[in-house]
Amino acid sequence: MNFKIGAGIIGIASALAAFLVVPGYTPREPESLQNARPNIIFIFSDDHAYQAISAYGSKLTKTPNIDRIAKEGAILHNNVVTNSICGPSRATLLTGKYSHLNGYKVNERKFEINQPVFPEELQKNGYQTAWVGKMHLGSLPHGFNYLNVLPGQGHYYSPDFINSKGDTVRYPGYVTNVVTKLSLDWLNQRDASKPFFLVVGHKATHREWLPDVQDLGAYDKVDFPLPSTFYDNYEGREAAKNQDMTIDKTMRLKEDLKVHADYQKSGIYNRFSPEEKKAFYEYYENKISKEFDAKKLSGKALAEWKFQRYLKDYLATANSLDRNIGELLDYLDKSGLAKNTVVIYASDQGFYLGEHGWFDKRFIYEQSLKTPFVIRYPGVIKPGTQVNELISNIDWAPTLLNLTGTAIPKEIQGESFLPLLTGKKVAWRKDAYYHYYEYPVPHHVYPHIGLRGEQYKLVRFYGPKEYWELYDLKKDPQELHNVYGVKGYEVITADLKTKLKEQIRKYKDDEALKIVESGI
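Below, the structure written as C-alpha cells:
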C-alpha cells in the first residue's frame with residue numbers, strides 16, 4: 001500500500017479568546033493560555049452506545065474512567081451525528097463537513113486525501129499531530145506527523161498496523177491494550193517543546209465483540225433486563241420492519257456469539273496466541289456452547305438468550321476500553337500533562353443494545369443518532385458542566401480549532417461549541433440535519449434524510465420506497481408511533497418540511513433537495 005503523509009506548515013499560534021471565562025468560575029489567566037496552548041487527546045471508540053456509559057445513566061455497567069472525564073469537565077447530552085456509520089463519521093470529524101461534501105458517504109471506500117482536513121490547520125499553528133489505532137478510511141489523510149493505524153476494521157487479537165511509511169507491522173496482544181501502548185510510546189517520544197493533537201482510535205466495541213481474555217465472563221452472573229421495545233412490531237414504519245439487523249434473525253450464533261466457533265480455520269482465532277486461544281476455547285466452547293446445546297432453545301427463548309449473550313460480550317469488550325482510558329488518564333497525571341491537556345471521549349455514532357430488537361446503527365432514531373461525548377479541560381471547562389444543546393459531529397473540528405486558538409477555515413460547515421462548554425449564553429441551532437446512504441447491504445436500511453429538532457423528528461425515506469415519518473419525541477420518546485399524516489399534525493409537518501429544505505440548502509446537499517422536492 002502506498003500512502004503519503006502531509007506534514008503541514010508550521011506557523012505561529014494565536015491565543016485563546018477572552019470568552020473562555022465562565023461566570024462564577026476562576027479560569028487560568030489569558031496570558032498563561034497564550035504561553036501554553038493546550039494539548040488535545042481525542043479518544044475515539046467504535047459503536048460504543050451512550051446506553052452503556054454510566055455517566056449517561058446506564059444501569060447495565062460502570063464506566064468509571066469515562067465518567068471521570070465527564071465529572072471533571074463537561075458531558076454533552078444531545079450530541080448527534082450526520083450519518084450514523086463508522087467511516088463517514090471519521091471523515092466528518094476530519095473535515096467538519098457532511099458526507100456529500102467530503103465524499104465519504106458509505107463504508108469501505110477511499111477517503112479523498114487531497115481535500116483539507118482540520119489537523120493541517122493545527123500543524124500550521126505549531127502542533128504536532130498523530131493518529132493511533134482505528135481510522136477506517138481506506139487511505140491515510142494529510143495533516144498528521146505520525147500515523148500508526150489499523151487497516152480497515154482491524155483485528156482484536158495480534159492486530160496489524162500501518163505506519164506513516166506505509167509499512168505493515170503486527171503486534172502481539174489485545175488491540176485495545178496495543179493502541180494504548182502505541183499512543184503512550186508516541187507521547188513519550190514526541191517533541192516536548194510543541195503542543196500536540198493525538199487521536200486514540202479504538203476498535204472496541206465493534207462487532208464481533210471479542211473481549212480481552214481477562215474480561216471473559218465478566219457479566220455471566222448478570223441477567224440484563226429486556227428492553228421494553230425488544231418485541232417491536234414496527235407498525236407504521238416500513239424501513240424499521242424491513243431492515244436486516246435484528247438480534248433474533250440477523251445475529252449469528254457462530255461468528256457473533258461464538259457458539260461452536262471455528263478455532264481451526266477462522267482467520268480471527270488463528271491470530272490468537274496458544275494461551276489466548278485456550279482461554280477462549282475453555283470459555284466459549286466448554287462453557288457457553290455446552291450450555292446452549294443443553295437448553296435446546298427456539299422462538300422467543302432463543303432470541304432472549306442471544307440478547308443476553310450479545311450484551312455480555314459487548315459490555316465485556318467495553319471493559320477494556322474504559323480500563324485503558326484510565327491508564328491514559330493516569331499517565332497524564334503522573335507526567336504533569338493533565339493540567340494543560342484537553343481530553344475528549346467520543347464514539348463514532350450510537351448503537352442499539354436490543355432496543356427495537358436491534359444491534360448496529362444507521363437509522364436516524366435516537367439510539368443510533370446520539371453518540372457520547374465528554375470533554376475535560378482543567379481551568380477552562382468547569383467540572384460538572386452539562387450541555388443540553390443540539391451538537392452535531394460537524395461541530396467537533398471547529399471546536400478543536402477554537403480550543404487551540406487556531407483559525408477555522410470558512411469551508412467547515414460546523415460551528416464551535418466552545419462558548420457552550422464555558423457557560424456562555426449564545427444562540428444555537430434548534431434542528432440538526434441528517435443524511436444516511438448505505439443500501440442494501442449490509443443491513444438493508446433504506447436511505448433517508450431527516451431533521452431532528454427539540455421535540456419533533458421528520459424523516460424522508462427514499463430509494464426502494466419513498467415516504468415520510470414524523471415523531472413527537474416528547475409524547476413518544478421511543479419512536480414507536482409514526483404520526484405523519486395524522487390529524488392535528490398538519491401545521492407542524494408543513495413547518496418541519498420548510499425547515500428541512502432550509503437545512504438542505506444551508507448545507508448544500510443538492511441530491512437531497514431533489515428528493516424532498518419530488519412532490520412525495
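Numbering of the sequence shown is given in the UniProt record's numbering, commencing with residue 1 and proceeding in unit increments. The beta-carbon is built from N, C-alpha and C at its ideal position, and this holds for glycine as well. Just so you know, these numbers come straight off a predicted model, no measurement behind them.
Just list the residues that DSSP pairs residue i with in beta bridges.
i, result
"W468", "R460"
"W358", "T246"
"Q128", "F196"
"A432", "R452"
"T385", "A74"
"I40", "F197, V342"
"D160", "R170"
"R376", "V343"
"L150", "K134"
"I391", "N79"
"S45", "S347"
"K370", "V80"
Going by C-alpha distance, which of the options is nearest residue i?
i, options, result
"V117", "A279, V200, T129", "T129"
"P442", "G201, E355, T250, L353", "T250"
"Q478", "Y433, Y269, F230, V516", "F230"
"T176", "D167, K203, D191, G463", "K203"
"E488", "D472, L297, I344", "According to the sequence displayed, residue 488 carries Gly and not Glu. Out of D472, L297, I344, D472 has the C-alpha closest to the C-alpha of G488."
"L302", "H260, R252, D248", "D248"
"V154", "R207, F111, L187", "At residue 154 the sequence reads Gly, which differs from the Val that was named. Measuring from the Cα of G154, the nearest candidate turns out to be R207."
"Q503", "G354, R452, S368", "R452"
"N402", "T422, G384, P88", "T422"
"Y56", "R37, N79, D46", "N79"
"D46", "D476, L184, G201, E454", "G201"
"G126", "Y98, R37, N148, P172", "R37"
"K71", "R376, H444, F144, T493", "R376"
"E466", "H481, I449, E454", "I449"
"I520", "A192, D476, W468", "W468"
"G463", "A512, E490, G485", "A512"
"K339", "T95, Y50, F280, P195", "P195"
"Y157", "G143, S164, V169, Y174", "Y174"
"W186", "G138, K497, Y331", "Y331"
Just the C-alpha distance for residue i and residue j, rounded to the nearest angstrom, thanks.
i, j, result
"L328", "G299", "44 Å"
"K499", "K474", "19 Å"
"R505", "G414", "15 Å"
"L76", "E238", "31 Å"
"R323", "C86", "23 Å"
"F111", "R309", "35 Å"
"D495", "L458", "10 Å"
"A294", "I412", "57 Å"
"A261", "E255", "6 Å"
"residue 522", "Q243", "Examination of residue 522 is not possible in this model, given that the chain is present from 1 through 520 alone."
"K258", "L150", "23 Å"
"L253", "L210", "14 Å"
"F197", "N188", "14 Å"
"K334", "I69", "16 Å"
"I12", "L337", "Unreliable positioning characterises I12 in this predicted model, as indicated by a pLDDT of 31, which lies under 50. The coordinate reading is nonetheless provided below. For I12 and L337, the distance between alpha carbons rounds to 22 Å."
"K221", "G354", "19 Å"
"E108", "E282", "34 Å"
"P64", "H48", "15 Å"
"L420", "T493", "30 Å"
"K501", "S289", "52 Å"
"Y507", "L101", "9 Å"
"A279", "Q264", "15 Å"
"D225", "W305", "The question names Asp, but residue 225 is Pro in the sequence shown. Looking at the two C-alpha atoms, the distance is approximately 12 Å."
"R429", "S273", "51 Å"
"A17", "K241", "Per-residue confidence for A17 stands at a pLDDT of 35, beneath the threshold of 50, marking its modelled position as unreliable; the derived number appears in the next sentence. Near 50 Å, if we compare the C-alpha coordinates of K241 and A17."
For residue i versus residue j, is the C-beta distance shorter than 8 Å?
i, j, result
"V426", "R460", "no"
"I325", "Y352", "no"
"K287", "Y219", "no"
"N39", "V374", "no"
"V106", "Y365", "no"
"G152", "T385", "no"
"R362", "S84", "yes"
"F161", "N148", "yes"
"P398", "G103", "no"
"E121", "P409", "yes"
"L94", "P141", "yes"
Quick one: measure Cβ to Cβ for residue i and residue j, integer angstroms, because I've assumed they're closer than 8 Å.
i, j, result
"V199", "F44", "6 Å"
"P372", "I53", "5 Å"
"residue 525", "Y446", "What the structure shows of the chain is the stretch from 1 to 520, and residue 525 is not part of that stretch, so it cannot be assessed."
"residue 521", "D395", "Because the chain here runs from 1 to 520, residue 521 falls outside it and cannot be looked at."
"K179", "Q349", "Sequence inspection shows Val at residue 179; the Lys mentioned does not correspond to that position. Actually they are not in contact, since the Cβ atoms of V179 and Q349 sit about 19 Å apart, beyond 8 Å."
"T205", "L321", "7 Å"
"D215", "A316", "4 Å"
"residue 568", "P119", "Beyond the ends of the chain as shown, which are 1 and 520, falls residue 568; an answer cannot be given."
I'd like to know whether the C-beta of residue i is nearer than 8 Å to at least one C-beta of chain D.
i, result
"N324", "Absent here is chain D; the protein component of the structure consists of one chain."
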